Amino acid sequence: MTILFYLAGAIALISTLSVVTSKNVVHALVYLIVSLLAVAVIFFVLGAPFAAMLEAIVYAGAIMVLFLFVMMMLNLGQATEDEEGAWLSPRVWVGPSLLVLVLFGQLASVLIRQEYSIVPVDVGVRDLSLELFGPYLLAVELASMLLLAGLVAAYHLAKK
Amino acid sequence: MIDWIGLLPAFPLAGFLALVLTGGRLPKKVAGIIGVGSIGLSFLLAVVISLEFLGSGAESVSRTLWVWMSVGTFNPGFSFYLDGLTVVMILIISGVGFLIHLYSTGFMADDPGFARFFSYMNLFVASMLVLVLADNLVLLYLGWEGVGLCSYLLIGFWYENPANGYAARKAFVVTRVGDTSMAIGLFLLFSQLGTLNIQDILSLASQQWVIGSGLAIAAAALLLGGAVGKSAQLPLQTWLPDAMAGPTPISALIHAATMVTAGVYLIARTHILFELAPSVQLLVAWIGLATLLMAGFTALTQRDIKRILAYSTISQIGYMFLALGVGAWSAAVFHLMTHAFFKALLFLAAGTVILSLHHEHDIFRMGGMRRKLPLAFWSFMIGSAALTALPFTSGFYSKDEILLAALAQPEYGMVLWTGGVIGAFLTALYSFRLVFVVFMGKGHHGAESDIHEHSDIHRESDSHGVTDAHAHDPVREITGFAMATPLIILAVLSLVGGLIHVPVDSVFAELAGVEEVHASNFIHGVMIAVPIFGVALSYVFYGNPRYEKASQHMRNNLRTSALGGVLHRFWFRGWGMDALYDALLVRPFVTLATINKKDIVDQFYGLFVMITRIGNSALVMLQTGNLRWYGISLVGGLAIVIAIGVWI
Amino acid sequence: MQAIPYEHGLILAAMLFVCGLAGVLTRRNIVFVLMSLEIMLNACGLAFVVASARWGHADGQIMFLMILTLAAAEVAVGLGLIIQMYRRFHTVDISVLNEMKG
Numbered sequence: 001m002t003i004l005f006y007l008a009g010a011i012a013l014i015s016t017l018s019v020v021t022s023k024n025v026v027h028a029l030v031y032l033i034v035s036l037l038a039v040a041v042i043f044f045v046l047g048a049p050f051a052a053m054l055e056a057i058v059y060a061g062a063i064m065v066l067f068l069f070v071m072m073m074l075n076l077g078q079a080t081e082d083e084e085g086a087w088l089s090p091r092v093w094v095g096p097s098l099l100v101l102v103l104f105g106q107l108a109s110v111l112i113r114q115e116y117s118i119v120p121v122d123v124g125v126r127d128l129s130l131e132l133f134g135p136y137l138l139a140v141e142l143a144s145m146l147l148l149a150g151l152v153a154a155y156h157l158a159k160k
Numbered sequence: 001m002i003d004w005i006g007l008l009p010a011f012p013l014a015g016f017l018a019l020v021l022t023g024g025r026l027p028k029k030v031a032g033i034i035g036v037g038s039i040g041l042s043f044l045l046a047v048v049i050s051l052e053f054l055g056s057g058a059e060s061v062s063r064t065l066w067v068w069m070s071v072g073t074f075n076p077g078f079s080f081y082l083d084g085l086t087v088v089m090i091l092i093i094s095g096v097g098f099l100i101h102l103y104s105t106g107f108m109a110d111d112p113g114f115a116r117f118f119s120y121m122n123l124f125v126a127s128m129l130v131l132v133l134a135d136n137l138v139l140l141y142l143g144w145e146g147v148g149l150c151s152y153l154l155i156g157f158w159y160e161n162p163a164n165g166y167a168a169r170k171a172f173v174v175t176r177v178g179d180t181s182m183a184i185g186l187f188l189l190f191s192q193l194g195t196l197n198i199q200d201i202l203s204l205a206s207q208q209w210v211i212g213s214g215l216a217i218a219a220a221a222l223l224l225g226g227a228v229g230k231s232a233q234l235p236l237q238t239w240l241p242d243a244m245a246g247p248t249p250i251s252a253l254i255h256a257a258t259m260v261t262a263g264v265y266l267i268a269r270t271h272i273l274f275e276l277a278p279s280v281q282l283l284v285a286w287i288g289l290a291t292l293l294m295a296g297f298t299a300l301t302q303r304d305i306k307r308i309l310a311y312s313t314i315s316q317i318g319y320m321f322l323a324l325g326v327g328a329w330s331a332a333v334f335h336l337m338t339h340a341f342f343k344a345l346l347f348l349a350a351g352t353v354i355l356s357l358h359h360e361h362d363i364f365r366m367g368g369m370r371r372k373l374p375l376a377f378w379s380f381m382i383g384s385a386a387l388t389a390l391p392f393t394s395g396f397y398s399k400d401e402i403l404l405a406a407l408a409q410p411e412y413g414m415v416l417w418t419g420g421v422i423g424a425f426l427t428a429l430y431s432f433r434l435v436f437v438v439f440m441g442k443g444h445h446g447a448e449s450d451i452h453e454h455s456d457i458h459r460e461s462d463s464h465g466v467t468d469a470h471a472h473d474p475v476r477e478i479t480g481f482a483m484a485t486p487l488i489i490l491a492v493l494s495l496v497g498g499l500i501h502v503p504v505d506s507v508f509a510e511l512a513g514v515e516e517v518h519a520s521n522f523i524h525g526v527m528i529a530v531p532i533f534g535v536a537l538s539y540v541f542y543g544n545p546r547y548e549k550a551s552q553h554m555r556n557n558l559r560t561s562a563l564g565g566v567l568h569r570f571w572f573r574g575w576g577m578d579a580l581y582d583a584l585l586v587r588p589f590v591t592l593a594t595i596n597k598k599d600i601v602d603q604f605y606g607l608f609v610m611i612t613r614i615g616n617s618a619l620v621m622l623q624t625g626n627l628r629w630y631g632i633s634l635v636g637g638l639a640i641v642i643a644i645g646v647w648i
Numbered sequence: 001m002q003a004i005p006y007e008h009g010l011i012l013a014a015m016l017f018v019c020g021l022a023g024v025l026t027r028r029n030i031v032f033v034l035m036s037l038e039i040m041l042n043a044c045g046l047a048f049v050v051a052s053a054r055w056g057h058a059d060g061q062i063m064f065l066m067i068l069t070l071a072a073a074e075v076a077v078g079l080g081l082i083i084q085m086y087r088r089f090h091t092v093d094i095s096v097l098n099e100m101k102g
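This is the structure in structure tokens:
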């Protein structure tokens, strides 16, 4: 299982890097789906099967499909891809990359101090639901309101 | 009916609101009915209330409408207090006010600001009634400021002309000096006595303060400051002559008959305070004497018909102050009443003359109006006779009382009396000079007959556009029911008003003894003879048609002689008071203002502004509008914060 | 079942997060920016699930659910905005939208 974790992690990382550096939107989306599925695998390994399912269904499924639909609507052609190439000169990458690496260095130096090994225990749907509809009931309600707001806003914004 | 006392000021106030809220859209007829009718109702109510009050024999009645404000122990009510003095005042205000309103419907008939005029007038009457009815000094101050405001609005009524606006401002600012003094007096009284109810103050003051104590002197002096400002006495008299910029009925109502007597009323109302401070009371007498003489001399040289009357008003109020100063409270109130009659009459008659002559103000451009304006002539004759205090006119009785009371003053009685008699002589001289020049003679209207070195005569320039083009139009007396009736009623009152007994004995009861003066026949003779002599002298100089050439020659000689010329110029300019104040107060103030125009002190604070501006322009450069730049800033900041949090 | 070092999971999340951040900072195409934001949100979710596994408790997963909801709402609104932007400016370049500069 540990190997599976590292493998999925590597896949996720590589595909994510590809998303960020890709020139073609659709390719990038496919890479992103791969990355999300890899993360789903990691969830599964970490003993969160319900989260893994949701990651696959909602993220990789629903959200990415939404992206795809929008891409189709926009119908960005070859011109955009060429433009993208012009924008992504190596020089552009230097500054943000350095900054981001500094941030990562900081995060890593903090995280590396943790000395603990996870022995995954399944936290299943049952446990989750009991928590969700018990102490977190208000959060569920708020989340539903947020989704409603998102729905209304999206309808309003995308209207002609 | 006394319970309805609150309606007295409420009627005019309602009239004011009705006229103001309709914004001049009412037809003139309706506006006139509202404007005059509200005062008329007020007058009828005042008569009924007065009769009931006098009939009841009560000393005073007071009614609280509601508590105005309640702050700790300070809770002045909106309450009215009625006694003999108040009865006199409300009858004068509403009665004379009603007549003047009626007159105004004729006088202002062609004015575009007809409704505005009546709304201000109504507000004025309402404020004045509040002033005299108030049972505490706060409410009195409300009325006091209210009439000040109306005075400002009405002086500047023809606001298109900047000069009128200036005159209004001057009146407002000068009276403000007095009002400030009065406000401080109120604070003093409240801090010392803990109340502002007038009757409580008077009883507490006489219990707690001994005669001549410092507090009593301070309180009386501060109140006197307010009275001096409102009543145009020395040294705050300069605003009244300029106040003649307003329409003539205004001058009659506000600047002759009612508002300017508010100071007299205030002193009479708080007379116990002044009795506690004899030095201040004496000061009142001296102020009155100085003012009446100064104004008398000034009136001798004026050419503007309204300015002459204005100075005579100042002079007559000087008499009232003299009376107050010698403790003849009821004589002062009596003179206040008779003065209201004859001065309103004179102003209204002057208004008729002015209107008939197309807004001509210079008396030397009039002349021979006797036949052309008979009503105005007879009004003027009666008014001037009363003003001069010729025997059996109303002014005679009141001035007689004042002079006798002055003579009875123990220390300076003789001086005060002599001054008063000289003033009476001057009064006769200038008032009949006015009458003779305007109404007698051959009628040199439109032709300059009197060589005069001063061409800077003040002329009323108003929205009608006064020009000399009108000067040759035929003179036609403008009368009519609305304008003639008040003149006739006021003329009758001026003649017989002296027989009215002012019901103020109960108010000033403890002083009744002081006014019992037994003067010798000589004194009486002098007081009767002096005004007659003045009239005679005036006739010699101005009125005698047979010796017109000779008298004119005489006048020119007098004027061109060195001393005569200097005095004439000096008096004409009102004893140089305006120039003095200009040099002493206005100029230095304006200079300071000019120096400080660049805000020297503010420069220091400008530094902060500058620093803020520089900081702003620096930070503006960071606002690129570029999303990635913002993101980078955010991440950079995050990195720094984490660094601080983790390693420090 | 072999143990997975706790910090490795967190560092993986940090790596993903940092990748997404680099994308947000670098890309000019707004679609990529939105995708990068998704990556960052997902990385956060991963960190929560790792923590959940660390403590053997469901709270972390509930947080992940919340993030999921948030991401869904955000994508809906964000895509709506992209459509509007493309309609108005006929471009997906965010550096065109710099009218808010001071």
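Protein chains in written order, with my numbering: chain A, 1 to 160; chain B, 1 to 648; chain C, 1 to 102. Just so it is clear, CB atoms sit at the ideal spot from N, CA and C, and this is done for glycine as well. Since we're looking at a predicted model, the values are computed, not measured.
In the three-state reduction of the DSSP assignment, alanine 216/B falls in the helix class, which pools H, G and I.
Separation of glycine 625/B and alanine 22/C (C-alpha to C-alpha, rounded to the nearest whole angstrom) is 19 angstroms.
Exposed is the label assigned to alanine 3/C, since fewer than 16 other Cβ atoms lie within 10 Å of its Cβ. Scanning His156/A, Asp122/A, Ala108/A and Leu68/A for the CA closest to the CA of phenylalanine 43/A turns up Asp122/A.
Between the stretch 309-321 of chain B and the stretch 408-427 of chain B, the count of C-beta pairs closer than 8 angstroms reaches three or more; the two stretches touch. Neighbours of phenylalanine 5/A in chain C, taken as residues whose beta carbon is under 7 angstroms from its own, are Ile4 in chain order. Beta-bridge analysis with DSSP links phenylalanine 104/A to no other residue.
When the alpha-carbon of serine 60/B is set against those of Leu324/B, Ile402/B, Phe508/B and Thr427/B, the nearest one is in Phe508/B. Take the alpha-carbon of valine 526/B and the one of phenylalanine 533/B: they are about 10 angstroms apart. With respect to the 7 angstroms criterion, serine 379/B and leucine 487/B are classified as neighbours on the basis of their beta carbons. Contact check for isoleucine 118/A and alanine 53/C: beta-carbon distance about 5 angstroms, within the 8 angstroms limit, so the pair qualifies.
Considering only beta carbons, the part of the stretch 621-643 of chain B lying closer than 9 angstroms to chain A consists of Arg628, Gly631, Ile632, Val635, Gly636, Leu638, Ala639, Ile642 and Ala643, in chain order. Phenylalanine 104/A has a beta carbon lying within less than 7 angstroms of a beta carbon in chain C. For leucine 98/A, no CB of chain B lies under 7 angstroms from its own CB, so it is not counted at the interface with that chain. Counting only Cβ-Cβ distances below 7 angstroms, valine 110/A has contacts in chain B at Val646, in chain order.
Beta-bridge annotation (DSSP): alanine 134/B is paired with Phe80/B.
Here glycine 263/B is buried: its Cβ has 16 or more other Cβ atoms, across all protein chains shown, within 10 Å. The C-beta of proline 374/B has fewer than 16 other C-beta atoms within 10 Å across all chains shown, which makes the residue exposed.
Interface residue (Cβ-Cβ distance to chain A less than 7 angstroms): methionine 15/C is classified as such. The alpha helix (DSSP H) runs lying completely inside the stretch 28-91 of chain A and spanning 4 residues or more are 49-54, 64-74 and 78-87, given in chain order.
The shortest C-alpha to C-alpha distance from phenylalanine 541/B to any of Cys150/B, Thr485/B, Phe117/B and Leu300/B is the one to Leu300/B. When rounded, the separation of the alpha-carbon atoms in alanine 344/B and proline 241/B is 16 angstroms. Contact between isoleucine 254/B and phenylalanine 80/B fails: their C-beta atoms lie close to 22 angstroms from each other, not under 8 angstroms.
The beta carbon of valine 94/A sits closer than 6 angstroms to no other beta carbon from its chain once the five residues preceding and following it are set aside. Chain C has a Cβ within less than 7 angstroms of the Cβ of tyrosine 136/A. Residue-level contact check: isoleucine 118/A touches chain C, since one or more beta carbons of chain C fall below 7 angstroms from its beta carbon. In the structure shown, the three-state DSSP call for tryptophan 66/B is strand. With respect to the 7 angstroms criterion, methionine 577/B and threonine 238/B are classified as neighbours on the basis of their beta carbons. Residue pairing from DSSP places asparagine 29/C in a beta bridge opposite Asp93/C. In its chain, beyond the 5 residues on either side, Val92 have a beta carbon closer than 6 angstroms to the beta carbon of asparagine 29/C. When DSSP assignments are scanned along the stretch 275-335 of chain B, no uninterrupted stretch of beta strand (DSSP E) that is 3 or more residues long falls wholly within it. When C-beta distances to chain B are compared with 7 angstroms, the residues of the stretch 16-30 of chain C below that value are Leu21, Val24 and Leu25, in chain order. Three or more Cβ pairs closer than 8 angstroms define a contact, and the stretch 11-25 of chain C falls short of that threshold against the stretch 123-137 of chain A.
At least one beta carbon of chain C lies nearer than 7 angstroms to the beta carbon of phenylalanine 43/A. Going by DSSP, histidine 568/B is part of the alpha helix (DSSP H) stretching over 562-572.
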